[in-house]
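In this note's numbering, the protein residues as written are 67 to 126. The beta carbon of each residue, even a glycine, is placed where N, CA and C say it ideally should be. Predicted model only: the values in this text are computed from it and were never measured. Take a look at the structure below.
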């Protein structure tokens, strides 16, 4: 293998890695938008359905 062809192989591999990283980061961001919103809505729903805690009567 010549130096030029080796450089081409390395450049192609680095380009593939960069594409994979960009794809993964884009999907990760989309997942955070989707499931992050679901978690927020779920926690609000849970808080809304939570029974009020019984308060201890104040002893004076």
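Just the Cα atoms here: how many angstroms apart are residue i and residue j?
i: residue 98; j: residue 88; result: 15 Å
i: residue 84; j: residue 112; result: 41 Å
i: residue 73; j: residue 95; result: 33 Å
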